[in-house]
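Peer 1: Following this note's numbering, the numbering of the sequence shown begins with 4 at its first residue and continues without gaps. By construction, the Cβ of each residue, glycine as well, lies at the ideal position given by its N, Cα and C atoms. Just so it is clear, the structure is predicted and the values come from calculations on it, not from any experiment. Before I ask anything, let me first share the structure, which is written out below as structure tokens.
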Amino acid sequence: MHFHRGATLATAPTLGLADTSAGGPTAGNGFFRRWPDDLALFQAHDITDVRLTLDWARLQPKPGVIDGDWADQYEQIISAAEAIGLRVWATMFDGHVPRWFDNEGGLDDDEALIRWWPRFVERMAERFGDVVDGWIPFAVIPAGSPTRPWSDTWGILAGGPPVVASVQGADAERLAWLAGSTDRIGVDLDAESVGGVDPSDRQIADLAERWCESIVAAAAAVDAPATVSLTPSHDDPDVSGRLVAGLVTAIGGAVADGAEVTTCFIDPGIAGPDRRSGLFDKDRAPLPALAALLER
């Protein structure tokens, strides 16, 4: 079964939230200090793709102002990843916004979102459009947000590297208007239904079946290849590994049903300082999810 194996480098576990973030500051897992080694770790363990968040709060600490030092830092990371064969997919929103934007109403204020989000996308496209392999602008398009932010995003990014519209599961309402305005569809899956319990093999099989249906439905609705992402955030790393194994089974079923799946991202690639799930723990030791993801 062929699909690319990816690691997600989201803001909170990777860098921590900045003091310019609405939710910050918080600690990350040290990626900022050791990113050359971390990228090499991915490459050495057959990870081919990374989903890297261009943190809005760091890159635009004030309205309309881009932090050049952080932009240079991100460009270094992207260039280093490309140099060792890692494809970089850039995300610009993974749930965290600058404090100044939150003060203007944040995601709950449609006018603020429509005013400020496209300006940030434009600046990121200008700076990074020639160096990234693709865009996943929203880790998940925010529930309840107006259609305009996505339309603006697509208008800005279309024609460059592939653009992925990422939705939660098979979000029928979103899928209805994404057809024709994305290069690929992203299907963000969750394992919240297992909570803190140790799921049985039957429960994971049922979950994998639902995931398969979501992938097939999303790819068919938009008539586009799919990327898949999963956060197997269970306290027990072995359970997280079993959930990723279920996801690989789900992808196999989706492919057999005619869906084209290009990449699977596991979030986080490296666990945050207070978590035990991911492909690697905070000390960079491989976790069971990695072996499950790489299972052919």
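State yes or no: is the C-beta of tryptophan 92 within less than 7 Å of the C-beta of phenylalanine 104?
Peer 2: No; because the gap between Cβ atoms is not below 7 Å, this pair is not in contact.
Peer 1: Per DSSP, lysine 285 forms a beta bridge with which residues?
Peer 2: Looking at the DSSP assignment, lysine 285 forms no beta bridge with any residue, so it has no partner.
Peer 1: How would you call glutamine 63, buried or exposed, if buried means at least 16 neighbouring beta carbons within 10 angstroms?
Peer 2: Flag for glutamine 63 reads buried.
Peer 1: Can the beta-carbon of threonine 230 be found closer than 7 Å to that of threonine 265?
Peer 2: Yes. Within cutoff.
Peer 1: Evaluate the contact criterion for the region 159–174 versus the region 132–143: three or more CB pairs, one atom per stretch, below 8 Å.
Peer 2: Verdict: yes, contact present.
Peer 1: In whole angstroms, what separates the C-alpha of glutamine 79 from that of arginine 205?
Peer 2: When rounded, the distance between both Cα atoms is 45 Å.
Peer 1: Okay, do the region 7–15 and the region 266–277 touch, 3+ Cβ pairs below 8 Å being the bar?
Peer 2: A contact exists between the region 7–15 and the region 266–277.
Peer 1: Indicate the three-state DSSP secondary structure (helix, strand or coil) for threonine 156 in the structure shown.
Peer 2: It is helical.
Peer 1: With 16 as the cutoff for other CB atoms within 10 Å, does glycine 67 come out buried or exposed?
Peer 2: Under this definition glycine 67 is an exposed residue.
Peer 1: Does DSSP put alanine 227 in a helix, in a strand, or in coil?
Peer 2: Coil at alanine 227, not helix or strand.
Peer 1: Helix, strand or coil, according to DSSP, for valine 258 in the structure here?
Peer 2: Looking at valine 258 - three-state DSSP - the assignment turns out to be helix.
Peer 1: Using DSSP's beta-bridge definition, name the partner residues of glutamine 171.
Peer 2: Answer is Asp191.
Peer 1: What would DSSP say about phenylalanine 35, mapped onto helix, strand or coil?
Peer 2: In this structure, phenylalanine 35 counts as helix in the three-state DSSP scheme.
Peer 1: Around the C-beta of asparagine 106, are 16 or more other C-beta atoms found within 10 angstroms, so that it is buried, or is it exposed?
Peer 2: It is exposed - the Cβ of asparagine 106 has fewer than 16 other Cβ atoms within 10 Å.
Peer 1: CB leucine 306 to CB leucine 12, shorter than 7 Å?
Peer 2: Because the chain in this structure spans residues 4 to 299, residue 306 falls outside the shown range and cannot be described.
Peer 1: DSSP three-state call for proline 165: helix, strand or coil?
Peer 2: If DSSP states are grouped into helix, strand and coil, proline 165 belongs with coil.
Peer 1: How big is the Cα-Cα spacing for leucine 116 and alanine 224?
Peer 2: Distance between the alpha carbons of leucine 116 and alanine 224: 27 Å.
Peer 1: Alanine 30: which of Trp38, Asp40, Thr14, Asp41 sits nearest, CA to CA?
Peer 2: The shortest Cα separation from alanine 30 among Trp38, Asp40, Thr14, Asp41 belongs to Thr14.
Peer 1: Output yes if chain C places a C-beta closer than 7 Å to the C-beta of leucine 62; else output no.
Peer 2: Here there is only one protein chain, and chain C is not present.
Peer 1: Using a threshold of 7 Å, state whether the C-beta atoms of valine 247 and alanine 292 are closer than that.
Peer 2: Yes.
Peer 1: Put serine 232 into one of helix, strand or coil per three-state DSSP.
Peer 2: Correct three-state label for serine 232: strand.
Peer 1: Considering just the uninterrupted stretch of the beta strand (DSSP E) at isoleucine 269, what are its terminal residues?
Peer 2: First-last of the beta strand (DSSP E) with isoleucine 269: 264–269.
Peer 1: Which one of Ile69, Ile144, Asp49 has the shortest CA to CA distance from threonine 94?
Peer 2: Among Ile69, Ile144, Asp49, the Cα nearest to that of threonine 94 belongs to Ile144.
Peer 1: Report yes if the C-beta distance between valine 190 and alanine 221 is below 7 Å; otherwise report no.
Peer 2: Closer than 7 Å, so yes.
Peer 1: Label alanine 295 either buried or exposed according to how many other C-beta atoms from any shown protein chain fall within 10 Å of its C-beta, with 16 as the threshold for buried.
Peer 2: With 16 or more other Cβ atoms within 10 Å, it is buried.
Peer 1: So, leucine 290 versus proline 228, is the Cβ gap smaller than 7 Å?
Peer 2: Cβ distance not < 7 Å, so leucine 290 and proline 228 don't count as in contact.
Peer 1: Nearest-angstrom Cα distance between alanine 274 and arginine 287?
Peer 2: Going by the C-alpha atoms only, they are around 8 Å apart.
Peer 1: What are the boundary residues of the alpha helix (DSSP H) that includes arginine 118?
Peer 2: Segment 113–131, the alpha helix (DSSP H) holding arginine 118.
Peer 1: I need the straight-line Cα distance from serine 24 to proline 152, nearest angstrom please.
Peer 2: Computed Cα separation, rounded: 21 Å.
Peer 1: By DSSP's criteria, leucine 345 is part of a beta bridge. Which residues make up the other side?
Peer 2: Here the chain covers residues 4 to 299 and nothing more, so residue 345 does not appear.
Peer 1: Quick one: residues in its chain with C-beta nearer than 7 Å to the C-beta of tryptophan 312, no 5 flanking neighbours on either side, listed in chain order?
Peer 2: Coverage of the chain is limited to positions 4 through 299, which leaves residue 312 absent and any answer about it impossible.
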